[in-house]
Amino acid sequence: TRPQVVIIGRPNVGKSTLFNRLVGKKLALVDDQPGVTRDRRFGTAGLMGLEFEAVDTAGWEDEDAESLPGRMRAQTEVSLQGADAALFVIDARAGVTPLDEEIARWLRGQNVPVVLLANKAEGSAGDAGIMESYALGFGDPVGISAEHGEGVAEIYTALAPLL
Ligand code: GDP
Ligand code: MG
């Protein structure tokens, strides 16, 4: 079976854009599942020959920020069960927000290796955010642009050793 990689992060950082980018033409295989998993999407991702099951999470997108920790335990913890790695996405243009820090704290308590992706980093608008994101404690952030397809090779380099 393919390794499973969960995409997590606060709303609007580009998780679904990244998911679609990774899953590409195989998007048709994406399943909307009922019940507790309704907010997750699954797809077979191809990344420079590396195949894995990508999971797009959105369990708390409609919730207000205050309820995030509870929602994350209910949804993301389930997503992380059996996951081989997590792609933790932030918005490099927005920089590190309190919600990103909250997610980072929570993620550190989970037993899953994490690759930090600083998205929306096309051009140089993300440079400050990328530097800031070292402080989240997941090692070198990978600057990417999910929308423009930049940083794919760097995601591969960071993720492949974990799978
Ligand atoms: P999600 O809520 O984390 O799933 O984020 P989405 O994938 O829905 O994207 C949120 C917004 O960010 C959308 O308007 C996207 O077009 C935009 N976006 C996603 N990736 C990028 C990127 O690499 N660069 C820029 N500039 N915008 C992006
Ligand atoms: Mg989304």
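Just so we're aligned, residue 11 is where the sequence shown starts under my numbering, counting upward by one.
All C-beta atoms, glycine included, are put in the ideal place defined by N, C-alpha and C.
It should be emphasised that the depicted structure is a prediction, and the values quoted were computed from it without experimental measurement.
Round the Cβ separation of L126 and S143 to the nearest angstrom and send it over; I've been treating them as touching at under 8 Å. As a working note, residue 126 is residue 116 in the sequence shown. As a working note, residue 143 is residue 133 in the sequence shown. So it is a contact: roughly 6 Å between Cβ atoms.
Keeping to the same chain, check which residues put their C-beta closer than 7 Å to that of G136; ignore five residues upstream and five downstream. The residue you call residue 136 lines up with position 126 of the sequence shown. A102, R103, A128, K130 and G153.
My understanding is that F62 touches A68, with C-beta atoms under 8 Å, so please give their C-beta distance in whole angstroms. Indexing the sequence shown from 1 puts residue 62 at position 52. Indexing the sequence shown from 1 puts residue 68 at position 58. Actually they do not touch by this definition, with Cβ atoms about 19 Å apart.
Please go through the same chain and pick out, in chain order, the residues whose beta-carbon is closer than 8 Å to the beta-carbon of R12, but skip the five residues on each side of it. One-based indexing of the sequence shown puts residue 12 at position 2. Cβ within range, chain order: T54, E61, F62 and E63.
7 Å CB neighbourhood of A75 in its chain, flanking five on each side removed: Counting from 1 along the sequence shown, the entry for residue 75 is found at position 65. Low confidence applies here, because A75 scores a pLDDT of 49, under 50, leaving its location unreliable and the question unanswered by this model.
Under the DSSP definition of a beta bridge, which residues are partnered with S155? The residue you call residue 155 lines up with position 145 of the sequence shown. Answer by DSSP bridge pairing, in chain order: E160.
Output yes or no for whether 7 Å exceeds the beta carbon distance between A95 and L172. For this step, residue 95 is matched to residue 85 along the sequence shown. For this step, residue 172 is matched to residue 162 along the sequence shown. Contact: yes.
Helix, strand or coil, according to DSSP, for R115 in the structure here? Residue 115 sits at position 105 when you count from the first residue of the sequence shown. Looking at R115 - three-state DSSP - the assignment turns out to be helix.
Cβ-heavy atom distance between S134 and the ligand GDP below 6 Å? Here residue 134 corresponds to residue number 124 of the sequence shown, with the count starting at 1. Result no, Cβ not under 6 Å from the ligand GDP.
Leaving aside the five residues before and after G161 along the sequence, list all residues of the same chain whose C-beta is less than 8 Å from its C-beta, in chain order. Mapped onto the sequence shown, residue 161 falls at position 151. Same-chain partners within the cutoff: L127, A131, V152, G153, I154 and S155.
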